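Position 37, counted from 1, in the sequence shown is what the working numbering calls 156; the numbers after and before it change by one each time, with no gaps.
Ideal placement from N, C-alpha and C gives every residue a C-beta, glycine not left out.
Since the model is a prediction, treat every value here as computed from it, not as a measurement.
Right, one structure below, let's go through it.
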Amino acid sequence: MKGSWKKLISRSQFVPLMKPFSSAPAVNEGLNILKTYSDVIDGSGVLEKIMPRKFDQAGLNQFIGGIQFSQNDPHFEAINKGLCDPLWDLLDRGGKRWRPAMAMMVYDIYKDQLPNADEIYNQVLTAAGLCEIVHNA
120 MKGSWKKLIS RSQFVPLMKP FSSAPAVNEG LNILKTYSDV IDGSGVLEKI MPRKFDQAGL
180 NQFIGGIQFS QNDPHFEAIN KGLCDPLWDL LDRGGKRWRP AMAMMVYDIY KDQLPNADEI
240 YNQVLTAAGL CEIVHNA
């Protein structure tokens with residue numbers, strides 16, 4: 120049955136069906152809200168705090184834990200190229216950031232009920248950033 124859905128409806132038939140939904144005011148409003156939260160995540164620098172674009176010696180030693188690399192060690196650059204570069208290639212492509220946006224929305228909904236909402240904001244932001252990194256990893 121692989122590919123059998125193509126027999127039911129072609130792309131040229133499907134695209135016009137979606138146009139009314141993509142121009143609906145509620146959808147546009149939702150996308151604007153999502154963009155706002157995405158900008159908070161991207162502008163906060165939380166992703167860079169979790170996973171730097173490039174490790175320095177202290178950062179790499181802390182990240183790996185127990186293994187000491189010097190910046191002259193060939194493994195040092197290999198880890199940056201093999202770990203940081205591919206991840207940041209994906210993260211820099213942007214996107215909707217649905218997962219972290221949802222985490223921040225839940226925080227915003229319940230923050231008035233939390234006695235220490237301001238204190239945990241950075242923890243929530245970090246958790247939201249982790250959602251995006253794990254999703255892209």
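Residue from the options with nearest C-alpha to residue i
i: tryptophan 217; options: Gly248, Lys230, Ser163; result: Gly248
i: proline 171; options: Met223, Leu210, Asp237, Asp192; result: Leu210
i: tyrosine 226; options: Ala197, Gly164, Asn180, Leu244; result: Leu244
i: glycine 162; options: Gly201, Gln181, Pro219; result: Pro219
i: alanine 197; options: Phe174, Ala145, Glu148; result: Phe174
i: phenylalanine 182; options: Asn199, Arg212, Gly164; result: Asn199
i: phenylalanine 255; options: Pro144, Gly164, Pro234, Gly213; result: The amino acid occupying residue 255 in the given sequence is asparagine; phenylalanine does not appear at that position. Cα-wise, what sits closest to asparagine 255 is Gly213.
Residues of its chain near residue i, where Cβ-Cβ distance is below 6 Å and the 5 sequence neighbours each way are ignored
i: lysine 230; result: Ala236
i: methionine 223; result: Tyr156, Ala247
Spatial neighbours of residue i in its chain, beta-carbon cut-off 8 Å, leaving aside the 5 residues before and after
i: glutamine 176; result: Phe188, Ser189, Gln190, Phe195
i: isoleucine 169; result: Thr245, Gly248, Leu249, Ile252
i: leucine 233; result: Ile239
i: asparagine 180; result: Ile186, Gln187, Phe188
Burial state of residue i (16 or more Cβ within 10 Å)
i: leucine 150; result: exposed
i: leucine 166; result: buried
i: lysine 160; result: Here the sequence assigns isoleucine to residue 160, which means lysine is not the residue at that position. With 16 or more other Cβ atoms within 10 Å, it is buried.
Spatial neighbours of residue i in its chain, beta-carbon cut-off 7 Å, leaving aside the 5 residues before and after
i: lysine 215; result: Leu153, Ser157
i: serine 129; result: Confidence is the limiting factor: at serine 129 the pLDDT is only 49, short of 50, which leaves the residue's position unreliable, though a coordinate-based value still follows. No residues qualify anywhere along the chain.
Through-space distance from residue j to residue i, alpha-carbon basis
i: methionine 221; j: glycine 201; result: 30 Å
i: aspartate 192; j: glycine 178; result: 15 Å
i: glycine 164; j: glutamate 148; result: 25 Å
i: isoleucine 228; j: proline 144; result: 22 Å
ask   = So, do the stretch 229 to 249 and the stretch 184 to 194 have three or more beta carbon pairs nearer to each other than 8 Å?
value = Taking 8 Å as the limit for Cβ pairs, the verdict is that the stretch 184 to 194 does not touch the stretch 229 to 249.
ask   = Are there three or more Cβ pairs, one per stretch, closer than 8 Å when the stretch 199 to 206 is compared with the stretch 238 to 246?
value = no
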